[in-house]
Structure formats: structure tokens, C-alpha cells
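So in this note's numbering, spot 164 of the sequence shown is number 168, and the numbers just go up one at a time. This report refers to the structure that appears directly beneath it.
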Amino acid sequence: MVCRCRWVNEDPLYIQYHDEEWGVPVHDDRKLFEMLILEGMQAGLSWYTMLKKRERYREAFDGFDPAIVARYDEAKLDELLADPGLIRNRLKMRAAVTNAQSFLKVQEEFGSFDRYIWSLVGGKTIRNAWRSLQEVPASTPESDAMSKDLKKRGFTFVGSTICYAFMQAVGMVMDHTTDCFRYEEGERGV
């Protein structure tokens, strides 16, 4: 039997996310934007809830194209808020638009969001060696710094806990527990 991180349930969608996506370094700007928006939408909910809604979000948010999302107006927000497949929270929807606008400014300043965001961890994954889920922190000094810098740049729904979850999801931090098969793969550079 394969040993996985204890937060994974038996849903094949969740297993696939854990086994193939979570903690794998992401350097594609659109994927980074998607994960930043979804982590903000997830605030107060479980990631499993967001994962089940992710495909609907991809459709509703124009494939997470930040240039399109940045131009959403009140009519588009009302349309999104009426969609039962989405988390219908006006503040989170507005944050997606604000964050798209800020994301585009960061791309312009740094050449890519990838270059900017990965500079916050020195360009490489922080590898932890947690033995249990209880040891994994909700935030770190690095996520505190990321949150502060993103907020300074106009982003919202980017508190330190959201930033740390984002860092874990996009492989800026490797937090598979040491008993998880993905931990060993990460140690080998797989």
C-alpha cells in the first residue's frame, strides 16, 4: 500500500492532486495565477472543496487569463456570483479582479510573475522534513514576507496562511511528510 500525506482522502481526484501536482514546482505564470486565486477563494474552506470546483472556476474565469480577469466589471462579477458552481462571495470575487490587475503589474515590472514569486525563496524549493501533519506550520517567516510584499503591491486575500498554502501547492515549499512516498521522490529530485 502506498503511504501518502495524512490530509489526503480516498477520492481519486484528491489522490491524483496529491500524487501528481501538490508540491511540484510551478513556473508557468497562468498556473501560478490560477493557484493564487484559488487559494484566496479557499480561505475558510477546505482545499478539497476547491479542488472539486476547480474545473468550473477554470471555465468561469476564462482559463485564469489574468489580462481578461483584470477587466471584469460589476456585471461579470454579478454573473459569477450567480453561478452555483462557484464560491459566491463578493469580496473574494472582487479580490480576483484586483489580484489580476496587480499580477499584470508584477509581470511588467519583473518580466514574469514566476521570476518575482520564486525570488522570495531564493529561486529554489524549501525542503522540509516533517514527520507528521501536526508538525507542518500554517505559516512561516517566508510566507509572512510574501504576504507583506504582495499586499504592498496591491494584492488582497493573501494573508500569510494563504501564502503558505500557495507555496506548498506550487512547490516553493516541499511539505510532503517523511512517511509519504512523494517525500522520497522529492529527495531524489523526481
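Backbone N, C-alpha and C fix where the C-beta goes; we use that ideal spot for every residue, glycine too.
Enclosing alpha helix (DSSP H) for S116 [first to last residue] | Unbroken run through S116: none, as it is neither H nor E.
Give the DSSP bridge partners of R131, in chain order.
-> BP columns for R131 point to M178.
Coil, strand or helix - V30 by DSSP | DSSP places V30 in coil when its eight states are reduced to three.
Is S136 near C167, with beta carbons less than 9 Å apart?
-> C167 is positioned such that its CB atom lies no closer than 9 Å to that of S136.
Closest to E38 by CA distance: which of V174, P88 and Y21 is it?
-> The residue with the shortest Cα to Cα distance from E38 is V174.
Range covered by the alpha helix (DSSP H) that runs through P145 = Its alpha helix (DSSP H) spans residues P145 to K156.
Nearest to R186 by alpha carbon, out of N13, P16 and E25?
-> When each option's Cα is compared against that of R186, the closest is E25.
Unbroken alpha helix (DSSP H) run spanning I72, endpoints = Per DSSP, I72 belongs to the alpha helix (DSSP H) from P70 to V73.
Terminal residues of the alpha helix (DSSP H) in which Y21 lies | Annotation: the continuous alpha helix (DSSP H) that includes Y21 extends over P16 to E24.
Spatial neighbours of V73 within its chain, please: CB distance less than 7 Å, with the 5 preceding and 5 following residues excluded, ordered by chain position.
-> For V73, where only same-chain residues beyond five positions count, the Cβ hits under 7 Å are F65, D66, A100, V101 and A104.
Could you check the C-alpha separation between M171 and M45 for me, to the nearest Å?
-> Roughly 15 Å between the two C-alpha positions.
Mapping DSSP to helix, strand and coil, what is Y76?
-> Coil at Y76, not helix or strand.
Would T181 pass as a contact of V125 if the rule is Cβ separation under 9 Å?
-> At least 9 Å separates the beta-carbon of T181 from that of V125.
Nearest-angstrom Cα separation, counted from G163 out to K155 | Roughly 8 Å separates the two Cα atoms.
Cutoff 8 Å; reference Y52; Cβ partners in own chain excluding five residues on either side | Contacts found: N13, D15 and Y18.
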